[in-house]
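**Q**
Residue numbers (our numbering): 726 to 1104.
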């Protein structure tokens, strides 16, 4: 008899977060199957994409210094509590942003959280918050560095069992990776790409992974007009995360982010400090969050049996393997798509109705990880 898959092996006995009340047919993931799932990091199977050595595989843009690309990407875990938006930093310097729903009770989610991925630019980021299981799925894709602040016992234990754990920087445990401003635990922790890279190099964990990245083209594709895209209804956690709207700005060729009708801004500043203690910040600039590409991935969310926060909300497993529906937005149009990712070591590949790989617009990309069947409002 063949050995069961990790999904089949996951137990379903968690009494306070059971599958029927979570929406029948869902697996409740326990710790051992999760660890086995995330340990299976197979080599990438998708073919590499040829590009010049000074072209960023995550954005398709040339960089001023090719040495920037000879580093591991930094994955920074950023909070999205309502009061955190006033101090959001680094979003427009990130090459990629992933936004997912977190912390659920019977699959009703509390809020969203971000993973910012930096490679081609340096910059500061704030506020660092705790990681989640999704970061165990994203880390092998980038062979990167994960920086966060705090975490549940369950998530920390899971990470400690995974091959990339030596590149997991938790500001609560390695406080010299961060600096502090203010007293609010939801907003006070900051760091920077430069400092993270210096720290990881000092530990002998630097490197230059081979990243497939994405296809890119400046040529605007055909598609359905899409001037505004909104995540404005449940199960997206609109109460705490807000009604999210992306509006196309023809002048910049980018989509601008709004929350509850107001511009969602991001800051940037030089950051120094007595690391582990008080921050020393330079003058800040502020601008609206903007993205060259918006990609909505429909992915499966499933419950786990371990608690993430003091409100007794449970962690969620986000299935980023296999394939599913997607929508790609660029240049004011929508392209109906499919996403695929054969192994944890692979990148996400986006294809059109004919199976051809979709070329993103050179620039940054924002991924909204929406639940299965979720349809954003598009105008």
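Where a beta carbon is used, it is the ideal one built from N, C-alpha and C, also for glycine.
1. Drop a sphere of 10 angstroms on the beta-carbon of residue 1016, count the other beta-carbons inside from all chains shown, and report buried for 16 or more, exposed for fewer.
2. Pull up the distance between the alpha-carbon of residue 707 and that of residue 909, whole angstroms please.
3. Which runs of the alpha helix (DSSP H) spanning at least 4 residues fall entirely within the segment 929-1005, listed in chain order?
4. Tell me the DSSP secondary structure of residue 759 in three-state form.
5. How about residue 864 and residue 936: do their beta carbons lie closer than 8 Å?
6. Out of curiosity, what's the CA-to-CA distance linking residue 1065 and residue 1003?
7. Taking only runs of the beta strand (DSSP E) that begin and end inside the segment 786-843, which ones reach a length of at least 3 residues, in chain order?
8. Where DSSP assigns a beta bridge to residue 1064, which residues make up the other side?
9. Which class does residue 897 belong to by DSSP, given the choice of helix, strand or coil?
10. Confirm, please, whether the CB-CB distance from residue 1083 to residue 1090 is below 8 Å.
11. May I ask you to verify whether the segment 1046-1064 touches the segment 1016-1032, counting CB pairs closer than 8 Å and requiring at least 3?
12. Hey, how far is the Cα of residue 796 from the Cα of residue 922?
13. What number of angstroms, rounded off, separates the C-alpha of residue 753 from the C-alpha of residue 996?
14. Assuming residue 854 contacts residue 874 (C-beta within less than 8 Å), just tell me the rounded distance between them.
15. Between the alpha carbons of residue 849 and residue 915, how many angstroms are there, rounded?
16. Identify the residues that DSSP records as bridge partners of residue 1044: which are they?
17. On a CA-only basis, which of 1045, 917, 881, 899 is nearest residue 798? Give me that one, please.
18. DSSP on residue 1099, reduced to helix/strand/coil?
19. Would you tell me roughly how many angstroms separate the C-alpha atoms of residue 771 and residue 786, rounded to the nearest one?
20. Does the beta-carbon distance from residue 956 to residue 1095 come in below 8 Å?
21. Could you tell me whether the segment 802-814 touches the segment 754-771, where touching means 3 or more Cβ pairs closer than 8 Å?
22. Can you tell me which of 1079, 1070, 1097 puts its alpha carbon nearest to the alpha carbon of residue 867?
23. Along the chain, where does the beta strand (DSSP E) containing residue 1013 start, and where does it finish?
24. Residue range of the beta strand (DSSP E) that residue 917 falls in?
25. With DSSP collapsed to three states, give me the class of residue 855.
26. Out of 851, 883, 1013, 751, which one is the CA nearest neighbour of residue 912?
27. Beta carbon of residue 774, beta carbon of residue 932: below 8 Å?
28. Compute the beta-carbon to beta-carbon distance between residue 1122 and residue 975, rounded to the nearest angstrom, for a pair I have assumed lies under 8 Å.
29. Quick one: Cα of residue 832 to Cα of residue 778, how far?
**A** Reading from the atomic positions:
1. In the chain shown, counting from the first residue as 1, residue 1016 sits at position 291. Its Cβ being crowded by 16 or more others within 10 Å, residue 1016 is buried.
2. Absent from the structure is residue 707, since the part of the chain shown begins at 726 and ends at 1104.
3. Every alpha helix (DSSP H) of 4 residues or more that sits fully in the segment 929-1005 is shown, in chain order, as 963-966.
4. Stepping through the chain shown from its first residue, residue 759 is reached at position 34. If DSSP states are grouped into helix, strand and coil, residue 759 belongs with the helices.
5. Counting from one through the chain shown, the residue named residue 864 turns up at place 139. Counting from one through the chain shown, the residue named residue 936 turns up at place 211. Inclusion of residue 864 and residue 936 in the CB contact set at 8 Å is not warranted, their separation being larger than that value.
6. Taking the first residue of the chain shown as position 1, residue 1065 is located at position 340. Taking the first residue of the chain shown as position 1, residue 1003 is located at position 278. Whole-angstrom Cα-Cα distance: 43 Å.
7. For the segment 786-843, whole beta strand (DSSP E) runs of length 3 or above, ordered along the chain, are 799-803, 821-830, 833-843.
8. Numbered from its first residue, the chain shown carries residue 1064 at position 339. Answer by DSSP bridge pairing, in chain order: 1049, 1075.
9. Reading the chain shown from its first residue, position 172 is the one you call residue 897. Coil.
10. The residue you call residue 1090 lines up with position 365 of the chain shown. The residue you call residue 1083 lines up with position 358 of the chain shown. Remark: C-beta atoms of residue 1090 and residue 1083 do not approach each other more closely than 8 Å.
11. With the rule of 3 Cβ pairs closer than 8 Å, the segment 1046-1064 counts as touching the segment 1016-1032.
12. Taking the chain shown and counting its residues from 1, the one referred to as residue 796 is at position 71. Taking the chain shown and counting its residues from 1, the one referred to as residue 922 is at position 197. Answer to the nearest angstrom: the Cα atoms are 8 Å apart.
13. For the purposes of this step, residue 753 is taken as the residue at position 28 of the chain shown. For the purposes of this step, residue 996 is taken as the residue at position 271 of the chain shown. If I take the Cα positions, the gap works out to 42 Å.
14. To locate residue 854, count along the chain shown from 1; it is residue 129. To locate residue 874, count along the chain shown from 1; it is residue 149. Going by Cβ atoms, the distance from residue 854 to residue 874 rounds to 6 Å, so yes, they are a contact pair.
15. Position 124 of the chain shown, counted from the first residue, corresponds to residue 849. Position 190 of the chain shown, counted from the first residue, corresponds to residue 915. Distance between the alpha carbons of residue 849 and residue 915 is about 7 Å.
16. Counted from its first residue, the chain shown places residue 1044 at position 319. Residue 1044 is bridged to 1025.
17. For this step, residue 798 is matched to residue 73 along the chain shown. Ranking 1045, 917, 881, 899 by Cα distance to residue 798 puts 917 first.
18. For the purposes of this step, residue 1099 is taken as residue 374 along the chain shown, with counting starting at 1. Reduced to three states, the DSSP call for residue 1099 is coil.
19. Within the chain shown, the letter at position 46 stands for residue 771. Within the chain shown, the letter at position 61 stands for residue 786. Approximately 21 Å, taken between the alpha carbons.
20. Here residue 956 refers to the residue found at position 231 when the chain shown is read from its first residue. Here residue 1095 refers to the residue found at position 370 when the chain shown is read from its first residue. In contact: residue 956 and residue 1095 (Cβ atoms closer than 8 Å).
21. As far as the Cβ criterion goes, the segment 802-814 does not touch the segment 754-771, which means the pair count is below three.
22. Here residue 867 corresponds to residue number 142 of the chain shown, with the count starting at 1. Distances from the alpha-carbon of residue 867 to those of 1079, 1070, 1097 put 1070 closest.
23. Here residue 1013 refers to the residue found at position 288 of the chain shown. Element bounds for residue 1013: 1010-1013.
24. Along the chain shown, read from residue 1 onward, the residue named residue 917 stands at position 192. If you look at residue 917, you'll find it in the beta strand (DSSP E) that goes 914-917.
25. Taking the first residue of the chain shown as position 1, residue 855 is located at position 130. If DSSP states are grouped into helix, strand and coil, residue 855 belongs with coil.
26. To locate residue 912, count along the chain shown from 1; it is residue 187. Closest by alpha carbon: 851.
27. One-based indexing of the chain shown puts residue 774 at position 49. One-based indexing of the chain shown puts residue 932 at position 207. No, the Cβ-Cβ distance between residue 774 and residue 932 is not below 8 Å.
28. No information on residue 1122 is available, as it lies outside the stretch 726 to 1104 that the chain covers here.
29. Working through the chain shown from its first residue, we reach residue 832 at position 107. Working through the chain shown from its first residue, we reach residue 778 at position 53. Their backbone Cα atoms lie some 44 Å apart in a straight line.
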